[in-house]
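Participant: Right, I'll just put the structure down here and ask away after.
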Amino acid sequence: MAEQRMLKFVKIARHMPDKRGAEERRGDFHEIYREFAAEKAAEQAGRCSQCGVPYCQTHCPLHNNIPDWLKLTAEGRLREAYELSQATNTFPEICGRICPQDRLCEGNCVIEQAGHGTVTIGAVEKYITDTAWEEGWVEPITAAEERPESVGIIGAGPGGLAAADALRRAGVQVTVYDRYDRSGGLMVYGIPSFKLEKEVVVRRNDQLAEGGVTFRLNCNVGADVTFAEIRETHDVVLIATGVYKSRDLGGPGAGLDGIVPAIEFLTASNRKGFGDAVPDFDSGALNAEGRRVVVIGGGDTAMDCVRTAIRQGAASVTCLYRRDRANMPGSQREVANAEEEGVHFAWLTAPRGFIGEERVSGVRVARMRLGAPDATGRQRPEEIEGADYTEPADLVIKALGFDPEDLPKLWGTDGLEVTRWGTIKADFRSHATSLEGVYAAGDIVRGASLVVWAIRDGREAAESILDWLGQRSALLAAE
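According to our numbering, the sequence shown is numbered sequentially starting from 2.
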């Protein structure tokens, strides 16, 4: 019987023709998928050795109680597993989908270290939270008692939203300001839908709005509203803008058409998925279909670009990275997925320039070797003289990482201290900045990082803000 169900599952999954309607087929697919997902989740959770030192938990930025909710899942106690999971993670279904578990919890699983294959922690986390939403176990955001204090949060990415969730549950009035037309930051416009379905993020946005969080979208701080006005409006301000300034690449031909930043390429693709009008996508400027695509970079954003280009129907996709595979900063699991999908990786290569008339037609590539270690112990890439070659390209995507914008200058703010890298200087425990009543969290403090770290920062900042508000109230009451 199980074998027959599996054959039916495979048939539906492959969209093999049958005599029934599409809606009925989709219903069958969901029902059978859920059945096998439940079996697989219990099986994987049951593999946890419940080791004395839970390295999976210690290597999770949120220190999620992974062994205990795996045990509950194995026992079929899914609601308890979900409640334990969400106690430390504001968005467990998002982390289950996009965290680089191979570098965090799963990569440090004792069973993985013993050579028997890791417990698929991320997939179980995704499953139990998706089940919670379906079964109605996800409680709405409610405050036991409303408070008069208000907090303005600049940035609707994971850090800002995690803080908004915690503050509203404490009864604080929260307004989130964001320059984009949708809340979610890079979760909405940076991460592709095949990794993070957009309805998953929208569902959380709706929960926050229904819980009393006010969103001011299409609001560019410094233009539509000043930072000073936000400070005057609210008791506390949390800066959680993230980092969006794309690192550039010079060299001959760098100004040719067809050379685009990763964030523009990914945003256009995600907007198209929402059904938005995207003229640059429709014109082909930000569409990989039929093109020879070259992606420059080796991080997770580069992997998002190469895999998106494949799905758009690119003629070929090549990733240039100046170090070797072992030194890739991105997830090795993502690299393996990209290779399976047809991406070619040109290791130990770096662009020297671009060729073409008005539009790019190729990348001039230098071959590299790894030389002496730098101050961090990582081997420096060195160019091999006389080993250049040309990589044909109709579309070049620069995925070189992100830097912070100059916020004090953009916002006309004096006294907001930044580091030599341009990130906001904030206490690593309290997240307080150099301005009283102003906090900062996420990538704008730590530099481009992971969603899970932003969630942790947002939750910690919310705790510090509540402490500060409580201390201020006590002082005012004593006067």
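All C-beta atoms in this analysis are idealised placements derived from N, C-alpha and C, irrespective of residue type, glycine included.
May I have the straight-line CA-CA distance separating E335 from C306, to the nearest angstrom?
Facilitator: Taking the first residue of the sequence shown as 1, we reach residue 335 at position 334. Taking the first residue of the sequence shown as 1, we reach residue 306 at position 305. Rounded to the nearest angstrom, the two C-alpha atoms are 11 Å apart.
Participant: Pull the bridge partners of A351 from the DSSP assignment, please.
Facilitator: In the sequence shown, counting from the first residue as 1, residue 351 sits at position 350. DSSP, once it has assigned bridges, lists A367 as partnering A351.
Participant: Given 8 Å as the limit, is there contact between the segment 165-181 and the segment 211-222, that is, 3 or more CB pairs closer than that?
Facilitator: Touching, yes, given that three or more Cβ pairs across the two stretches are closer than 8 Å.
Participant: Among F37, P101, G53, which has the Cα closest to the Cα of L451?
Facilitator: Within the sequence shown, the letter at position 450 stands for residue 451. Among F37, P101, G53, the Cα nearest to that of L451 is on P101.
Participant: If W454 sits next to P62, beta carbons under 8 Å apart, how far is it from one beta carbon to the other, in whole angstroms?
Facilitator: Here residue 454 refers to the residue found at position 453 of the sequence shown. Here residue 62 refers to the residue found at position 61 of the sequence shown. With a Cβ gap of about 5 Å, W454 and P62 count as contacting.
Participant: Where does G153 fall in DSSP's three states?
Facilitator: For this step, residue 153 is matched to residue 152 along the sequence shown. Strand, per DSSP.
Participant: Which residue or residues does DSSP assign as beta-bridge partners of I445?
Facilitator: Here the question's residue 445 lines up with position 444 in the sequence shown. None; I445 has no bridge partner.
Participant: Quick test of the definition: if touching needs 3 or more C-beta pairs under 8 Å, does the segment 149-164 touch the segment 118-126?
Facilitator: no
Participant: Per DSSP, what are the beta-bridge partners of S247 in this structure?
Facilitator: Counted from its first residue, the sequence shown places residue 247 at position 246. In DSSP, S247 forms a bridge with F403.
Participant: Out of D69, A43, E40, E44, point me to the one whose CA is closest to G53's CA.
Facilitator: Along the sequence shown, read from residue 1 onward, the residue named residue 53 stands at position 52. Of the candidates D69, A43, E40, E44, the residue whose Cα lies closest to the Cα of G53 is D69.
Participant: Rounded to whole angstroms, what is the Cα-Cα separation between S474 and L209?
Facilitator: Walking along the sequence shown from the start, residue 474 turns up at place 473. Walking along the sequence shown from the start, residue 209 turns up at place 208. One C-alpha to the other measures close to 26 Å.
Participant: Who are S317's beta bridge partners in DSSP?
Facilitator: As a first step, residue 317 is located in the sequence shown; it is residue number 316 there, counting from the start. Bridge partners of S317: R293.
Participant: DSSP on P393, reduced to helix/strand/coil?
Facilitator: As a first step, residue 393 is located in the sequence shown; it is residue number 392 there, counting from the start. Correct three-state label for P393: strand.
Participant: Could you check where the alpha helix (DSSP H) with T74 kicks off and where it finishes?
Facilitator: By 1-based counting over the sequence shown, the position of residue 74 is 73. Taken as a continuous stretch (DSSP letters only), the alpha helix (DSSP H) holding T74 covers 67-75.
Participant: Quick one: Cα of M329 to Cα of L349, how far?
Facilitator: Walking along the sequence shown from the start, residue 329 turns up at place 328. Walking along the sequence shown from the start, residue 349 turns up at place 348. Looking at the two C-alpha atoms, the distance is approximately 11 Å.
Participant: Taking the straight line between their C-alpha atoms, what separation do you get for Q45 and M369?
Facilitator: What you label residue 45 is simply residue 44 of the sequence shown in a count that begins at 1. What you label residue 369 is simply residue 368 of the sequence shown in a count that begins at 1. Whole-angstrom Cα-Cα distance: 42 Å.
Participant: Check L477 in the structure and name its three-state DSSP category.
Facilitator: On the sequence shown, position 476 is the one that residue 477 refers to. Residue state, collapsed to three classes: helix.
Participant: So does the segment 417-426 actually touch the segment 353-372, counting three or more Cβ pairs closer than 8 Å?
Facilitator: no
Participant: Short of 8 Å in beta carbon distance, which residues of its chain neighbour H235, apart from the five on each side in sequence? Order them along the chain.
Facilitator: The sequence position of residue 235 within the sequence shown is 234, counting from 1. If we look at H235 and ignore the five residues flanking it on each side, its Cβ neighbours are S151, V152, G153, T176.
Participant: Please return the same chain residues whose Cβ sits closer than 8 Å to the Cβ of D389, not counting the five positions on each side in sequence.
Facilitator: Within the sequence shown, the letter at position 388 stands for residue 389. If we look at D389 and ignore the five residues flanking it on each side, its Cβ neighbours are R353, R365, V366, A367, R368.
Participant: Spell out whether any CB of chain D is found under 8 Å from the CB atom of T143.
Facilitator: Judged by its chain identifiers, the structure shown contains no chain D, having just a single protein chain.
Participant: Threshold first: 4 residues or longer. Then list the alpha helix (DSSP H) segments lying entirely within the segment 409-473, N to C.
Facilitator: 444-447
Participant: Using a 10 Å radius around the Cβ and a threshold of 16 neighbouring Cβ atoms, would you call R15 buried or exposed?
Facilitator: In the sequence shown, counting from the first residue as 1, residue 15 sits at position 14. Any reading at R15 must be qualified, since the residue scores a pLDDT of 39, below 50, and its modelled position is unreliable; the value itself is stated next. Exposed, since its Cβ has fewer than 16 Cβ neighbours within 10 Å.
Participant: List, from N- to C-terminal side, the beta strand (DSSP E) runs of 3 residues or more that fit wholly inside the segment 195-258.
Facilitator: 215-217, 237-240
Participant: Spatial neighbours of V261 within its chain, please: C-beta separation below 8 Å, excluding the five flanking residues on both sides.
Facilitator: In the sequence shown, counting from the first residue as 1, residue 261 sits at position 260. Cβ neighbours of V261 beyond the five flanking positions: A286, L287, L396, V397, I398, K399.
Participant: Using only alpha-carbon positions, find the residue among V173, N90, D258 that is nearest to R205.
Facilitator: Working through the sequence shown from its first residue, we reach residue 205 at position 204. That would be N90, whose Cα lies nearest to the Cα of R205.
Participant: Would you report the Cα separation of G443 and A462, rounded to the nearest angstrom?
Facilitator: Mapped onto the sequence shown, residue 443 falls at position 442. Mapped onto the sequence shown, residue 462 falls at position 461. If I take the Cα positions, the gap works out to 10 Å.
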